[in-house]
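Just below is one structure, and these are the notes that go with it.
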Amino acid sequence: MNWKQWLTFGLYKRLWSIIGGRQWTFIIRDTWHKFEGLWIIGLVAVGALLGHWLWELIFWFLLVFALGYIAGHLFWGKDYIPNQGLQPPFYNAEEEYKK
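Using numbering that gives the first Met the number 0, you'd call the opening residue of the sequence shown number 0 and step up by one each time.
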């Protein structure tokens, strides 16, 4: 690869082509499989520290995230069909909606 081709890459691809030689997600996944126990200990330790120092802030972040997650699945999953679920069995609400 020459430098002119390298200049056409996006920022992330430029970085990983210099540091690591491949995408960082692949590198992290490989280290997870090689050192799974250390990853688990590290993640639990970070979670414990954050929970100890920033409990009130993290609690609100988790609450807001959970509410957003639920709202996203309730309202933005599929196309809205009026009166869906209120019709008698074998009633094709989608066909009625398309009219």
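From the three backbone atoms N, C-alpha and C, an ideal C-beta is built for every residue, glycine too.
Keep in mind it's a predicted model, so treat the numbers as computed, not measured.
Inter-residue Cα distance where the pair is residue i and residue j
| i | j | result |
| --- | --- | --- |
| Leu-48 | Trp-54 | 9 Å |
| Gly-9 | Ile-26 | 19 Å |
| Leu-73 | Gly-46 | 29 Å |
| Glu-35 | Val-43 | 12 Å |
| Leu-62 | Ile-39 | 24 Å |
| Thr-30 | Gly-20 | 15 Å |
Element boundaries [alpha helix (DSSP H), containing residue i]
| i | result |
| --- | --- |
| Leu-14 | 10–17 |
| Gly-36 | 35–52 |
| Gln-22 | Run containing Gln-22: none; DSSP gives neither H nor E here. |
Contacting residues, own chain, Cβ-Cβ under 6 Å from residue i (five flanking each side not counted)
| i | result |
| --- | --- |
| Trp-23 | Trp-15 |
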